[in-house]
Amino acid sequence: MRKRLLHLLLCAALVLSLLAVPTAGASNLAFVAVNDTIPLTLSGGELPFYTNGVCYVPYTVFSSVDIYPIYSASANTVTLTDRTGRLIYDLNGGSVTDENNTTQPMGAILRNGVIFLPAAFSATHFGVQCTVLTSAGGYTVVRFTTGSQVYDDSLFITKAENLIAYRVEQYESAQSKPEQPSQPETSTPTTPTTPQQPGTTTDPEEPEEGEPVTVHLAITDGATMAESLALLQAETLPAVFFFTEQELLEQPDLVRQLTVSGYSIGLTVDSRDERPLEEALRAANDALDAVLGRKTLLCLLPDTAEAAALEDRYCVYYRPSVRLTATAAAKSHGESVLLICDSTQLSAGLTILQEAEAKFAQLTETTVLS
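Take the sequence shown: its letters are residues -26 to -1, 1 to 344, numbered as in mature numbering (1 follows the signal peptide of the UniProt record, and there is no 0).
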């Protein structure tokens, strides 16, 4: 009898171990990898999940592999597009239609206010492979590969362990800090800066004609970002919108609208902010987390030694002392450049670049500029 009871207890323990849920650490973060890098960290309501054996990810992650996501609230659709293909997910009909008007019963899923798309199905349509990996710590890594990767999946996940551990440590450190109530600013609110005038970039030699320039748009000035958004949506162009802490706190609805529309959010600092850059960025990330429930590594900073010292903790792009103009960018044949502008410069700049047949690409944590 005692042996039988012991046998039953051992069986029950085995069943419980099989049914045990993952540890909290392994369930509150996930990562998106592109080839041999990990540009994105997902948390909260953006965590990937499985339905009927299919892995779903937030629709915005596809911009990391130059597949541009566009959400239409009026049509209730999400469109993924690149230069050769298109997928239109109908949230009402639960179907997807490609560039050949072929419709399939593969729908998007709205979960916790976030739109999710099938990862492998969507990526494969554009020639991008997708695999779902698990790190040694139990964290999910959705890996997109474009053919330029060096490591296979097993070697990649091994080499990525240190970076994953660092990201987890940073996240847990941020979560463990007690929330501080945001204090109202006592200084004069941020006002739009006077746009810099074109023609200040020295260009001693006319570059030879060749491959058109690739332009990554960085949008600044929170007061005019709504106008910039309208211009970019009309042209279906990608961009990153860089906010200061104050702009994030003052315009949470705009930040959410940008995210739902498929645009990325980055951080920047007000030139009048006297705090150390690291402190200002931390405060801006906290503000972003309060609005969207997530943080970012993308930031746009002045070209200084203080900013360079943050490169091991952030993905830093630099705001040069002499702004690159659209005219100069259009002449940068075959290069990959960052064009920083607000709405007063954007319309004319887009006209110049489109006449030069410039290519537009999404700025991400893995973008390499010329």
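We put the beta carbon where it would ideally sit given N, CA and C, even for glycine.
Any non-hydrogen atom of the ligand ADP within 7 Å of residue i CB
i: PHE90; result: Only the bare structure without any ligand can be found here, which leaves the ligand ADP out of the picture.
Between the CA atoms of residue j and residue i - distance to the nearest angstrom
i: ILE326; j: THR34; result: 28 Å
i: GLU209; j: THR278; result: 34 Å
i: GLY87; j: GLY19; result: 8 Å
i: LEU54; j: SER238; result: 15 Å
i: PRO43; j: VAL28; result: 20 Å
i: GLY308; j: GLN328; result: 15 Å
i: GLU331; j: ALA303; result: 11 Å
i: TYR145; j: ARG246; result: 29 Å
i: LEU91; j: PRO294; result: 38 Å
i: TYR292; j: THR77; result: 44 Å
i: VAL102; j: LEU266; result: 28 Å
i: LEU3; j: LEU222; result: 23 Å
i: GLY81; j: VAL6; result: 21 Å
i: SER46; j: GLY236; result: 10 Å
i: GLU248; j: SER69; result: 52 Å
i: LEU14; j: GLU339; result: 8 Å
i: ILE314; j: THR194; result: 7 Å
i: GLU201; j: LEU228; result: 11 Å
i: THR120; j: LEU262; result: 30 Å
i: GLU285; j: SER150; result: 24 Å
i: THR160; j: VAL290; result: Residue confidence for THR160 is low, a pLDDT of 39 falling below 50, so the modelled location carries little weight and cannot support an answer.
i: CYS104; j: ARG117; result: 6 Å
Status (buried if at least 16 other CB within 10 Å, exposed otherwise) for residue i
i: ASN259; result: buried
i: LEU84; result: exposed
i: LEU343; result: exposed
i: TYR24; result: exposed
i: SER128; result: exposed
i: GLN319; result: buried
i: VAL296; result: exposed
i: LEU337; result: buried
i: SER37; result: buried
i: THR233; result: buried
i: VAL124; result: exposed
i: SER48; result: exposed
i: THR108; result: exposed
i: ALA264; result: exposed
i: ARG268; result: buried
i: ILE89; result: buried
i: GLN220; result: buried
i: ARG57; result: exposed
i: GLY184; result: exposed
i: PRO79; result: exposed
i: ALA300; result: buried
i: SER306; result: buried
i: GLY240; result: buried
i: SER96; result: buried
i: PRO250; result: exposed
Supposed close pair residue i, residue j - CB separation, criterion 8 Å
i: ALA335; j: HIS190; result: 6 Å
i: ALA93; j: ILE12; result: About 15 Å separates the two Cβ atoms, so there is no contact after all.
i: ASP40; j: PHE130; result: Going by Cβ atoms, the distance from ASP40 to PHE130 rounds to 20 Å, so no, they are not a contact pair.
i: THR132; j: ASP316; result: Wrong, their Cβ atoms sit about 44 Å apart, outside the cutoff.
i: GLY196; j: GLN231; result: Rounded, the Cβ-Cβ distance is 13 Å, inconsistent with contact.
i: ASN75; j: LEU65; result: In fact, because the Cβ distance is near 18 Å, the residues do not count as touching under 8 Å.
i: LEU312; j: ALA192; result: 6 Å
Secondary structure of residue i, DSSP reduced to three states
i: GLY240; result: strand
i: LEU337; result: coil
i: LEU343; result: coil
i: VAL187; result: coil
i: ILE138; result: helix
i: GLU72; result: According to the sequence provided, residue 72 is Asp. The question's Glu does not apply to it. Note: ASP72 maps to strand in three-state DSSP.
i: THR55; result: strand
i: GLN225; result: coil
i: LEU284; result: coil
i: ASP277; result: coil
i: ASP64; result: strand
i: LEU107; result: strand
i: ILE44; result: strand
i: VAL102; result: coil
i: ALA97; result: helix
i: ARG297; result: coil
i: residue 346; result: Missing from the structure shown is residue 346; the chain here goes from -26 to 344 and no further.
i: SER306; result: coil
i: SER17; result: strand
i: ALA200; result: helix
i: ALA192; result: strand
i: THR114; result: strand
i: THR119; result: strand
i: ARG230; result: helix
i: ARG246; result: coil
i: THR270; result: coil
i: THR77; result: strand
Below-8 Å beta-carbon distance, residue i vs any chain B residue
i: PHE100; result: The question asks about chain B, but that chain is absent: this structure has only one protein chain.
Is the segment 98 to 114 close to the segment 128 to 146, with three or more CB pairs under 8 Å?
yes
Contact between the segment 265 to 283 and the segment 210 to 228: three or more CB pairs below 8 Å?
yes
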